[in-house]
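Each residue of the sequence shown is one higher than the one before, starting from 396 at the first, in this note's numbering. Glycine included, each C-beta is placed from N, C-alpha and C at the ideal position. Please read all numbers here as calculations on a predicted model, not as lab measurements.
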Amino acid sequence: MARRPKTKKKRPPFGIPKEIILLTGQDVWPYTFIADDSGRGCGKVPVPADATLEEVQTAIFTPLADLTRIFHGVEIEVEWSSLTSDSWVGHIRRVTVEDQAPPDAVPEAG
396 MARRPKTKKK
406 RPPFGIPKEI
416 ILLTGQDVWP
426 YTFIADDSGR
436 GCGKVPVPAD
446 ATLEEVQTAI
456 FTPLADLTRI
466 FHGVEIEVEW
476 SSLTSDSWVG
486 HIRRVTVEDQ
496 APPDAVPEAG
């Protein structure tokens, strides 16, 4: 009897992110993210000189959230806080179905 060859599941290139560390930049803002599998990644976000901090944080988090959804099927959100005057940390948590209200939900009258 012939056996089927085993196919190895390809691991995602990174685990589910836990934290993002963002440093101030001028035209490029460096960042590092730490994942739950002790993995990490880093990069630099090119942004216009007049970009706000919120725009930079969004430019970093949005693609990371998209990749986490694609590779792990998990939704995440981030809460940013200041580390020093020129650095920030984004604490990431998974979003469960109960955390998200349906788009057509009507709040209950109390």
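Discussion item. Under 8 Å: do the segment 415 to 423 and the segment 464 to 484 share three or more Cβ pairs, one atom per stretch?
Written reply: yes
Worksheet item: Relative to the C-alpha of D461, which residue among R399, W424, G434 and R489 is closest?
Response: R489
Practice prompt. Kindly indicate the opening and closing residues of the beta strand (DSSP E) around V440.
Written response: R435 to P441
Worksheet item: Thinking C-beta only, is V440 closer than 8 Å to V423?
Response: yes
Worksheet item: Is the beta carbon of T447 less than 8 Å from the beta carbon of R435?
Response: no
Worksheet item: If you check the beta carbons only, do A349 and Q421 fall under 8 Å apart?
Response: The chain is shown only over 396 to 505; residue 349 falls outside these bounds and no answer can be derived.
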